[in-house]
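Each residue of the sequence shown is one higher than the last, beginning at 804 in the working numbering.
Notes follow once the structure below has been shown.
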Amino acid sequence: MSDIFDDRKKALEEEYFKRKEREAIEKMRAKREEEEQLAAELAATLPCPRCDGRLKEMTYEGIQIDRCTKCNGIWLDAGEMEQLTQKEEGGGFFGRLFRSSSD
Ligand SMILES: [Zn+2]
Numbered sequence: 804m805s806d807i808f809d810d811r812k813k814a815l816e817e818e819y820f821k822r823k824e825r826e827a828i829e830k831m832r833a834k835r836e837e838e839e840q841l842a843a844e845l846a847a848t849l850p851c852p853r854c855d856g857r858l859k860e861m862t863y864e865g866i867q868i869d870r871c872t873k874c875n876g877i878w879l880d881a882g883e884m885e886q887l888t889q890k891e892e893g894g895g896f897f898g899r900l901f902r903s904s905s906d
């Protein structure tokens, strides 16, 4: 009786360890993929001019802007500011900012 129990227990243990092993491999693979993706993202992003963060491209009002993931600074490429001010039809924060800075 104890033999059958031991065999069953052994089988269950083996199954358990096999599953754990598979899970560990899956986790390692997922982690590696995550790291590779992160590295690729990092390579594609620019360093923030203000801090040691990275600029992440995002879309605001249909315009591509670069935003720092650390200090939340927003950086505009040439022409993007004009696009933003045009979109706001002379009003809004960006419009006022652009006009006052060009006076
Ligand atoms: Zn920054």
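Where a beta carbon is used, it is the ideal one built from N, C-alpha and C, also for glycine.
Cβ-heavy atom distance, residue i to ligand 1, below 7 Å
i    : result
R832 : no
K873 : yes
R811 : no
R853 : yes
G882 : no
Where residue i falls, given that 16 or more other Cβ within 10 Å makes a residue buried
i    : result
S905 : With a pLDDT of only 49 at S905, under 50, the local geometry of the prediction cannot be trusted, and no value is derived from it.
L858 : buried
R835 : exposed
C851 : buried
D869 : buried
Q889 : exposed
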